[in-house]
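From first to last, the protein sequence lines stand for chains W and C.
To convert a position in the first sequence, counted from 1, into the working numbering, add 475.
To convert a position in the second sequence, counted from 1, into the working numbering, add 475.
No residue lacks a Cβ here, since even glycine has one placed at the ideal position from N, Cα and C.
Protein chains: 2
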Amino acid sequence: MSIENLSCNKSFGGWHKQYSHYSNTLNCAMRFAIYLPPQALSGAKVPALYWLSGLTCSDENFMQKAGAQRIAAELGMAIIAPDTSPRGDEVADNDGYDLGKGAGFYVNATQAPWNRHYQMYDYVLNELPALVESMFPVSDQRSIAGHSMGGHGALVLALRNPQRYRSVSAFSPISNPVNCPWGKKALSAYLGIDSAGWADYDASLLMRQASQCVPARVDQGEADDFLSAQLKPDTLEAAATFSGYPLELNRHEGYDHSYYFIASFIEQHLRFHARHLGQY
Amino acid sequence: MSIENLSCNKSFGGWHKQYSHYSNTLNCAMRFAIYLPPQALSGAKVPALYWLSGLTCSDENFMQKAGAQRIAAELGMAIIAPDTSPRGDEVADNDGYDLGKGAGFYVNATQAPWNRHYQMYDYVLNELPALVESMFPVSDQRSIAGHSMGGHGALVLALRNPQRYRSVSAFSPISNPVNCPWGKKALSAYLGIDSAGWADYDASLLMRQASQCVPARVDQGEADDFLSAQLKPDTLEAAATFSGYPLELNRHEGYDHSYYFIASFIEQHLRFHARHLGQY
Numbered sequence: 476m477s478i479e480n481l482s483c484n485k486s487f488g489g490w491h492k493q494y495s496h497y498s499n500t501l502n503c504a505m506r507f508a509i510y511l512p513p514q515a516l517s518g519a520k521v522p523a524l525y526w527l528s529g530l531t532c533s534d535e536n537f538m539q540k541a542g543a544q545r546i547a548a549e550l551g552m553a554i555i556a557p558d559t560s561p562r563g564d565e566v567a568d569n570d571g572y573d574l575g576k577g578a579g580f581y582v583n584a585t586q587a588p589w590n591r592h593y594q595m596y597d598y599v600l601n602e603l604p605a606l607v608e609s610m611f612p613v614s615d616q617r618s619i620a621g622h623s624m625g626g627h628g629a630l631v632l633a634l635r636n637p638q639r640y641r642s643v644s645a646f647s648p649i650s651n652p653v654n655c656p657w658g659k660k661a662l663s664a665y666l667g668i669d670s671a672g673w674a675d676y677d678a679s680l681l682m683r684q685a686s687q688c689v690p691a692r693v694d695q696g697e698a699d700d701f702l703s704a705q706l707k708p709d710t711l712e713a714a715a716t717f718s719g720y721p722l723e724l725n726r727h728e729g730y731d732h733s734y735y736f737i738a739s740f741i742e743q744h745l746r747f748h749a750r751h752l753g754q755y
Numbered sequence: 476m477s478i479e480n481l482s483c484n485k486s487f488g489g490w491h492k493q494y495s496h497y498s499n500t501l502n503c504a505m506r507f508a509i510y511l512p513p514q515a516l517s518g519a520k521v522p523a524l525y526w527l528s529g530l531t532c533s534d535e536n537f538m539q540k541a542g543a544q545r546i547a548a549e550l551g552m553a554i555i556a557p558d559t560s561p562r563g564d565e566v567a568d569n570d571g572y573d574l575g576k577g578a579g580f581y582v583n584a585t586q587a588p589w590n591r592h593y594q595m596y597d598y599v600l601n602e603l604p605a606l607v608e609s610m611f612p613v614s615d616q617r618s619i620a621g622h623s624m625g626g627h628g629a630l631v632l633a634l635r636n637p638q639r640y641r642s643v644s645a646f647s648p649i650s651n652p653v654n655c656p657w658g659k660k661a662l663s664a665y666l667g668i669d670s671a672g673w674a675d676y677d678a679s680l681l682m683r684q685a686s687q688c689v690p691a692r693v694d695q696g697e698a699d700d701f702l703s704a705q706l707k708p709d710t711l712e713a714a715a716t717f718s719g720y721p722l723e724l725n726r727h728e729g730y731d732h733s734y735y736f737i738a739s740f741i742e743q744h745l746r747f748h749a750r751h752l753g754q755y
């Protein structure tokens, strides 16, 4: 498993680093970023928060804009940010910003031409943590979080794999993709027009029938332009109520869909995960 | 004086906003960003930190990447980030990233074709604060800071106008532009090849002969690729020693020229300014 270091920046006493590696799951070269807190520099293993970004993003948006390193350095937590889709000239794409490159939706595509590379669910669940845990002083104590499409991905991965994650959080997640335009477009392309298989990738449907639970926190801005048409936090909240799922849903007056919102509350998310990762 | 609001994001209980206005100093439309902390929302005037960015930047880099709003919200301080040069199709430019648009160097150009628009020194010193203080609940208690080319600008503006600023700070400033490639290229273009007039825009030369002082703090990463060829903090330090100038110069092992460095120490800079602005 070859891996190439692309960049390295000292940050709050730890290191932000970008790497490229060939992904056997995605059949292409992939970039990811990792923040290693000062506690990891001695070689001691630290727990990990996996961050999944939203539409059009790469590994860089969160690392540059969220202001998370300050708190991760205090708490002794690594943060790993994968890209949002397979990349490269050979990878199928679409003119829209909401399908294809930058819009992998964290699913395993079953439909051509997407199924050759778009296997982001398996990549985030298995290949990336295996690589990270083999190369860095990062333990298998994992939490997962994300924004918008990445909030959807984080919730789906945690809901389907409660044994793999200690906690999950999301900012402004696409909570019920089978019922919104972004989700319908992506899921019909990647999984086919028969919507029966879509339920495996819908946080609200999964939460409704969840038995084994991962502590979950969601924050949603009330001035978010995508709130009612695309995100549907009410549906997620109703699902949690129905199944008794431990979901903490916080609504914030005046906040929008941007990283200014994420930066304002990322500290609370990291402290939430640290409690469940045993770091505090 | 017309001004147009371009964007508005709630951030740490305050507001990040971008505006466009026609600048009579620069003879073109200009964009700037302002962060108004929660304390300003009642209409009470808050003190202001003006932030000057580096080469290739706009008003957005600092606001998105530095993580300053969290601390400004706590301290009750507005932050104003102008662009780094005049902008627009009619504005003279150059193929290099280090001259022309995005590289105004905070000087008043005297040479054609630059002198028609490149008057960033006057814009930052006079027009922008007058506009800000007339439109927002922002007082005339001002501090100034910046990064790289913007660190040069902040130091020069404060050293030449000690009555206008309570404190000045810089990350990785171009400290002695008359003696480095970036500075020689820009100053010879904007001010002419006779270097006699360049001294008015050289922080080290100004600090050597300073009488009235503004408390100054500089932070410099020791792994900065531009350290010895372009930035020359030793020259600035020697000037401060020579004139007894109150300069606090901090060197940081392993940090580079990026916003990861700025984010790591911006809290210390804002608290430094707050002390001198009477906010703590």
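Shorter than 7 Å, the distance from the beta carbon of residue 677 (chain W) to the closest heavy atom of the ligand SAM, or not?
Inclusion of the ligand SAM in the displayed structure is not the case, the ligand content being empty and no account of it being possible.
Counting Cβ pairs closer than 8 Å, one from the segment 497-507 of chain W and one from the segment 558-565 of chain W, do we hit at least three?
Under the 8 Å Cβ criterion, the segment 497-507 of chain W counts as touching the segment 558-565 of chain W, having at least three qualifying pairs.
Since residue 718 (chain W) is in the beta strand (DSSP E), which residue starts that stretch and which ends it?
Residue numbering aside, residue 718 (chain W) sits at position 243 when the first sequence is read from its first letter. Taken as a continuous stretch (DSSP letters only), residue 718 (chain W) belongs to no beta strand (DSSP E), being part of the alpha helix (DSSP H) at 708-718.
Does residue 525 (chain W) have its Cβ less than 8 Å from a Cβ in chain C?
The residue you call residue 525 (chain W) lines up with position 50 of the first sequence. No, because no Cβ of chain C sits closer than 8 Å to the Cβ of residue 525 (chain W).
Can you tell me which of C:683, C:735, C:726, C:525 puts its alpha carbon nearest to the alpha carbon of residue 719 (chain C)?
In the second sequence, residue 719 (chain C) corresponds to position 244, counting from 1. The option with the nearest alpha carbon to residue 719 (chain C) is C:683.
Classify residue 728 (chain C): buried if its beta carbon has 16 or more other beta carbons within 10 angstroms, exposed otherwise.
As a working note, residue 728 (chain C) is residue 253 in the second sequence. Exposed.
Taking Cβ positions only, does residue 734 (chain C) come closer than 8 Å to chain W?
By 1-based counting over the second sequence, the position of residue 734 (chain C) is 259. At least one chain W Cβ lies under 8 Å of residue 734 (chain C).
Have a look at residue 665 (chain C) and residue 660 (chain W) and give me their C-alpha separation to the nearest angstrom.
Taking the second sequence and counting its residues from 1, one reaches residue 665 (chain C) at position 190. Taking the first sequence and counting its residues from 1, one reaches residue 660 (chain W) at position 185. So the alpha carbons of these two residues sit roughly 53 Å apart.
Tell me the residue span of the alpha helix (DSSP H) that contains residue 657 (chain W).
Locating residue 657 (chain W) in the first sequence gives position 182, counting from the first residue. That run of the alpha helix (DSSP H) goes 656-666.
Does the separation of the CB atoms of residue 486 (chain W) and residue 510 (chain W) fall below 8 Å?
What you label residue 486 (chain W) is simply residue 11 of the first sequence in a count that begins at 1. What you label residue 510 (chain W) is simply residue 35 of the first sequence in a count that begins at 1. Between residue 486 (chain W) and residue 510 (chain W), the C-beta gap is smaller than 8 Å, which places the two residues in contact.
Taking Cβ to Cβ, would you say residue 681 (chain C) is nearer than 8 Å to residue 621 (chain C)?
Translated into positions along the second sequence, residue 681 (chain C) becomes position 206. Translated into positions along the second sequence, residue 621 (chain C) becomes position 146. Not in contact: residue 681 (chain C) and residue 621 (chain C) (Cβ atoms no closer than 8 Å).
Straight-line gap, residue 482 (chain C) to residue 519 (chain W) (C-alpha atoms, nearest Å):
Here residue 482 (chain C) refers to the residue found at position 7 when the second sequence is read from its first residue. Here residue 519 (chain W) refers to the residue found at position 44 when the first sequence is read from its first residue. In a straight line, the C-alpha of residue 482 (chain C) is about 44 Å away from that of residue 519 (chain W).
Which chain W residues are close to residue 539 (chain C), counting only those with a beta carbon under 8 Å from its beta carbon?
As a working mapping, residue 539 (chain C) is identified with position 64 in the second sequence. Those are 539, 540, 734, listed as they occur along chain W.
Whole angstroms are fine: how far does the CA of residue 541 (chain W) sit from the CA of residue 738 (chain W)?
Position 263 of the first sequence, counted from the start, is the residue given in the question as residue 738 (chain W). Position 66 of the first sequence, counted from the start, is the residue given in the question as residue 541 (chain W). Distance between the alpha carbons of residue 738 (chain W) and residue 541 (chain W) is about 5 Å.
Between the Cα of residue 618 (chain W) and the Cα atoms of W:605, W:611, W:642, W:595, which residue gives the shortest distance?
Reading the first sequence from its first residue, position 143 is the one you call residue 618 (chain W). Residue W:642 is the option with its Cα nearest to residue 618 (chain W).
Pull up the distance between the alpha-carbon of residue 627 (chain W) and that of residue 488 (chain W), whole angstroms please.
Taking the first residue of the first sequence as position 1, residue 627 (chain W) is located at position 152. Taking the first residue of the first sequence as position 1, residue 488 (chain W) is located at position 13. Cα to Cα, residue 627 (chain W) sits roughly 32 Å from residue 488 (chain W).
What's the C-alpha gap between residue 496 (chain W) and residue 598 (chain W)?
By 1-based counting over the first sequence, the position of residue 496 (chain W) is 21. By 1-based counting over the first sequence, the position of residue 598 (chain W) is 123. Rounded to the nearest angstrom, the two C-alpha atoms are 12 Å apart.
Alpha carbon to alpha carbon, how far is residue 543 (chain W) from residue 741 (chain W)?
Position 68 of the first sequence, counted from the start, is the residue given in the question as residue 543 (chain W). Position 266 of the first sequence, counted from the start, is the residue given in the question as residue 741 (chain W). One C-alpha to the other measures close to 6 Å.
Option nearest residue 614 (chain W) by Cα separation, candidates W:630, W:677, W:640, W:634:
Looking up residue 614 (chain W) in the first sequence gives position 139. It is W:640.
At a CB distance below 7 Å, what residues from the segment 478-497 of chain W approach chain C? Give them in sequence order.
484, 485, 486, 487, 491
Alpha carbon to alpha carbon, how far is residue 634 (chain C) from residue 583 (chain C)? Give it in angstroms, no decimals.
Counting from one through the second sequence, the residue named residue 583 (chain C) turns up at place 108. Counting from one through the second sequence, the residue named residue 634 (chain C) turns up at place 159. Going by the C-alpha atoms only, they are around 16 Å apart.
Here's the rule: buried if 16 or more other CB atoms are within 10 angstroms of the residue's CB, otherwise exposed. What is residue 534 (chain C)?
The sequence position of residue 534 (chain C) within the second sequence is 59, counting from 1. With 16 or more Cβ atoms within 10 Å of its Cβ, residue 534 (chain C) is classed as buried.
What are the uninterrupted segments assigned as alpha helix (DSSP H) that are 4 or more residues long and contained completely in the segment 586-626 of chain C, given in chain order?
If only complete runs of 4 or more residues are kept, the segment 586-626 of chain C shows the alpha helix (DSSP H) at 603-610, in order along the chain.
Quick check: the Cα distance between residue 578 (chain C) and residue 572 (chain C), rounded to an integer number of angstroms?
Taking the second sequence and counting its residues from 1, the one referred to as residue 578 (chain C) is at position 103. Taking the second sequence and counting its residues from 1, the one referred to as residue 572 (chain C) is at position 97. Here the alpha carbon of residue 578 (chain C) sits roughly 7 Å from the alpha carbon of residue 572 (chain C).
CB of residue 623 (chain W) within 8 Å of CB of residue 649 (chain W), strictly:
Position 148 of the first sequence, counted from the start, is the residue given in the question as residue 623 (chain W). Position 174 of the first sequence, counted from the start, is the residue given in the question as residue 649 (chain W). Contact flag set, yes.
Label residue 536 (chain W) either buried or exposed according to how many other C-beta atoms from any shown protein chain fall within 10 Å of its C-beta, with 16 as the threshold for buried.
Numbered from its first residue, the first sequence carries residue 536 (chain W) at position 61. Buried, because 16 or more other Cβ atoms sit within 10 Å of the Cβ of residue 536 (chain W).
Is residue 736 (chain W) closer than 8 Å to residue 646 (chain W) when the C-beta atoms are compared?
To locate residue 646 (chain W), count along the first sequence from 1; it is residue 171. To locate residue 736 (chain W), count along the first sequence from 1; it is residue 261. It is a contact, given that the beta carbons lie within the stated cut-off.
Thinking C-beta only, is residue 515 (chain W) closer than 8 Å to residue 553 (chain W)?
Within the first sequence, residue 553 (chain W) is the residue found at index 78, counting from 1. Within the first sequence, residue 515 (chain W) is the residue found at index 40, counting from 1. It is a contact, given that the beta carbons lie within the stated cut-off.
Is DSSP giving residue 635 (chain W) helix, strand or coil here?
Within the first sequence, the letter at position 160 stands for residue 635 (chain W). Helix at residue 635 (chain W).
Below 9 Å on C-beta distance, what does residue 641 (chain W) contact in chain C?
Here residue 641 (chain W) refers to the residue found at position 166 of the first sequence. Ordered by position in chain C, no residue passes the 9 Å Cβ test against residue 641 (chain W), which lies about 26 Å from the chain.
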